[in-house]
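Residue numbers for the sequence shown, in our numbering: 26 to 486.
Here's the structure we're looking at; comments come further down.
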Amino acid sequence: MTIQTLHNATAQWRASDLSHHLHPFTDTKSLAEKGGSRIITKAHGVWLEDSEGNKILDAMAGLWCVNVGYGRRELADAAQRQMLELPYYNTFFNTATPPAIELAHKLVALTPEGLNHVFFGCTGSDANDTIVRLVRHYWNLAGQPDKKTFISRDKAYHGSTVAAASLSGMSAMHAQADLPLPGFEHIMAPYWYDEGGDLEPEAFGLHAAQALEDKILELGPDTVAAFIGEPIQGAGAVIIPPASYWPEIQRICRKYDVLVIADEVICGFGRTGHWFASEAFAIQPDLMPMAKGLTSGYLPLSALMVGDRVAELLIGEGGEFQHGYTYSGHPVACAVALENIRILEDEKLIEQVRDDTGPYLERALRQALDDHPMVGEIRMLGLIGAIELVEDRTARTHFEPIGEVGVTCRDHCVANGLVMRSIRDCMVFSPPLTLSRGEIDLLVERIRHCIDLTAQDLGVL
Ligand SMILES: Cc1ncc(COP(=O)(O)O)c(C=O)c1O
């Protein structure tokens with residue numbers, strides 16, 4: 026296609042998109058003012074291509090999900106084989122399909138001990154909705170019907186359905202929809218960089234966990250059903266808790282008989298250099314929702330791991346669980362998940378992230394940015410991380426209004442062939458786990474360049 030044809034096609038797509046398509050988490054009016062969407066047409070490996078032929082390094086793996094990279098023929102073949110064999114059948118009413126059975130078996134083998142049952146859905150949000158239904162049912166069965174309240178954290182993201190948004194700690198989402206619903210409470214996040222003050226990180230970790238005990242005592246332990254947390258808060262701007270945090274959270278939960286839920290929707294399937302971040306933080310969850318990297322985003326699928334304590338009561342005394350989705354255990358999505366897991370295993374991608382590319386990226390970023398006047402902190406684990414852009418590195422203060430500098434930097438990234446996400450003034454990355462050393466060098470070079478351009482705009486450099 027000639028450049029002119031590409032421009033024409035892009036202009037038509039943009040106009041049509043603006044006329045009919047309401048995008049998620051988008052201000053449609055301002056999108057129109059900016060001329061419309063960037064249209065992504067192709068992808069391979071860690072590279073996206075837009076409708077004008079620009080190649081873009083995707084340092085976000087889509088939305089934290091394309092763990093094995095784009096363009097995997099094996100995944101397409103697995104989907105095609107399953108579609109021709111059995112494109113759909115449900116798992117309601119005493120039926121099952123081989124891929125769902127096989128995937129449940131595989132997930133039990135991969136996940137932390139004690140998680141021996143799986144409930145399938147399509148998205149991280151619906152897995153968290155399932156949790157609300159299941160946990161309330163559980164406490165009714167356990168003869169403690171007052172234990173119904175969920176405790177979550179500020180800046181948490183657990184999805185966008187009504188229940189999942191209530192679990193989330195995003196004030197802008199709450200404000201638009203009169204959320205959270207009753208029965209959903211929030212405590213501070215273990216965000217040392219912003220809220221740690223003079224405390225050392227480990228002392229701050231204990232302080233942030235203490236907020237859970239305070240909240241449980243305020244509400245009354247007999248009313249609290251569960252605590253939910255992402256091992257690392259992704260959409261909160263990759264908040265990595267101090268090592269003291271999760272052990273203390275779990276001690277408090279056990280003390281007051283509160284279920285522990287580790288939301289692994291972003292962290293699972295190798296993102297942190299472990300199969301699950303629960304391994305890195307020694308979390309022993311009662312429930313563990315997963316999605317995204319489960320299929321590397323090639324098809325929608327979620328899996329909620331259910332621990333023995335909950336499963337035994339549910340199965341033993343629960344009767345029919347009045348909950349499910351048409352696509353629970355969708356055979357094509359499950360077949361793709363199995364193939365995706367095979368790739369992660371055979372190519373040793375998780376070991377590669379843990380032992381090679383994760384540490385290599387961290388070293389390269391520190392070398393390139395540690396002395397940068399606008400970089401307050403680089404935090405990462407495996408291939409997920411954030412760079413805090415700040416006004417004053419010593420006082421750990423941000424530019425006002427917070428978020429503008431992040432958007433400026435993000436726009437420079439877009440203009441320079443790089444997808445990074447800005448959350449407040451944090452530049453966040455979560456690339457495909459296939460990212461090579463050569464691609465890391467290029468990524469770091471582009472990041473440094475875009476932060477320099479941002480600094481020049483502000484007169485800092
Ligand atoms: C930790 C976490 N949980 C749940 C969700 C919701 O997943 P979905 O968008 O598939 O509904 C997300 C999405 O980003 C997430 O980051």
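We put the CB at the ideal spot given by N, CA and C, even for glycine.
Bear in mind the structure is a predicted one, so any value in this text is a computation, not a measurement.
> In whole angstroms, what is the alpha-carbon distance linking G343 and A358?
Replying inline: 28 Å
> Excluding five sequence neighbours on each side, which residues of the same chain lie with their C-beta closer than 6 Å to the C-beta of I368?
Replying inline: V93
> Closest by CA to A189, which one among H474, P314, T136?
Replying inline: P314
> So what's R449 in DSSP terms, helix, strand or just coil?
Replying inline: coil
> What is the C-beta distance between R449 and I427, in whole angstroms, given that I count them as a contact (C-beta under 8 Å)?
Replying inline: 5 Å
>> Below 7 Å, is the gap between the Cβ of A302 and the nearest heavy atom of ligand 1?
In response: no
> What is the DSSP secondary structure of V71, counted as helix, strand or coil?
Replying inline: coil
> Applying the criterion that 16 or more other CB atoms from any shown protein chain within 10 Å of the CB defines a buried residue, is K172 buried or exposed?
Replying inline: buried
>> Do L443 and I81 count as a contact pair if the criterion is CB distance below 8 Å?
In response: yes
> Hey, quick one: how far does the alpha helix (DSSP H) through F144 stretch, first residue to last?
Replying inline: From DSSP, F144 is part of no alpha helix (DSSP H) but of the beta strand (DSSP E) over 140-146.
> Going by beta carbon distance, what residues of the same chain come within less than 7 Å of G383, once the five residues before and after it are set aside?
Replying inline: G298, G407, L408
> Since G20 and A181 are thought to touch, with beta carbons under 8 Å apart, how far apart are those beta carbons, to the nearest angstrom?
Replying inline: Any property of residue 20 remains undetermined from this structure, which presents the chain solely from 26 to 486.
> How about the region 333-340 and the region 351-366: do they share at least three Cβ pairs that are nearer than 8 Å?
Replying inline: no
> Which residues in the same chain have their Cβ closer than 6 Å to the Cβ of Y287, if we skip the five residues on either side of it in sequence?
Replying inline: The residue asked about is misnamed: residue 287 is Ala in this sequence, not Tyr. These residues qualify, in order along the chain: P256, S303, I308, P310, M313.
> Where does M26 fall in DSSP's three states?
Replying inline: coil
> Taking just the CA atoms, how far does E387 sit from P215?
Replying inline: 22 Å
>> I need the DSSP call for L458, collapsed to helix, strand or coil.
In response: coil
> Just the Cα atoms here: how many angstroms apart are E402 and I412?
Replying inline: 6 Å
> CB L363 to CB P124, shorter than 8 Å?
Replying inline: yes
> Which residues, in chain order, sit with a beta-carbon under 5 Å away from any heavy atom of ligand 1?
Replying inline: T148, G149, S150, Y182, H183, G184, E255, G259, D288, V290, I291, A316
> Count the other CB atoms within 10 Å of the CB of E289; is the residue buried (16 or more) or exposed (fewer)?
Replying inline: buried
>> For the beta strand (DSSP E) containing H211, name the first residue and the last one.
In response: 209-212
> Should T459 be labelled buried (16 or more other beta-carbon atoms within 10 Å of its own) or exposed?
Replying inline: buried
> In its own chain, which residues sit with a C-beta less than 7 Å from the C-beta of L31, not counting the 5 before and 5 after it?
Replying inline: S76, E77, G78
> Looking at C-alpha atoms only, which residue of Y114, Q29, S55, G168 is the closest neighbour of H355?
Replying inline: Y114
>> Going by the DSSP bridge assignment, what does K4 pair with across the sheet?
In response: Summary: the structure shown does not reach residue 4, with the chain confined to residues 26 through 486, and so no result is reported for it.
> Nearest-angstrom Cα distance between V400 and V415?
Replying inline: 6 Å
>> Bridge partners for V331 per DSSP, in chain order?
In response: H142, L312
> In whole angstroms, what separates the C-alpha of G139 from that of L132?
Replying inline: 12 Å
>> Suppose contacts are defined by Cβ-Cβ distances below 8 Å. Is F209 in contact with P267 by that definition?
In response: no
> When we look at the beta-carbon of Y347 and count the other beta-carbons within 10 Å, is it buried (16 or more) or exposed?
Replying inline: Reading the sequence as shown, one finds Gln at residue 347 and not Tyr. Exposed, because fewer than 16 other Cβ atoms sit within 10 Å of the Cβ of Q347.
>> Counting C-beta neighbours from all protein chains within 10 Å, is the total for G245 16 or more, i.e. buried, or is it exposed?
In response: exposed
>> Quick check on R276: buried or exposed, where buried means 16 or more other Cβ atoms within 10 Å of its Cβ?
In response: exposed
>> Taking the beta carbon of E345 as the centre, do at least 16 other beta carbons fall within 10 Å, making it buried, or is it exposed?
In response: exposed
> In its own chain, which residues sit with a C-beta less than 6 Å from the C-beta of P278, not counting the 5 before and 5 after it?
Replying inline: Correcting the residue identity first, residue 278 is Cys in this sequence and not Pro. Closer than 6 Å at Cβ, skipping near neighbours: F252, V285.
> By DSSP, does Q392 sit in helix, in strand, or in coil?
Replying inline: helix
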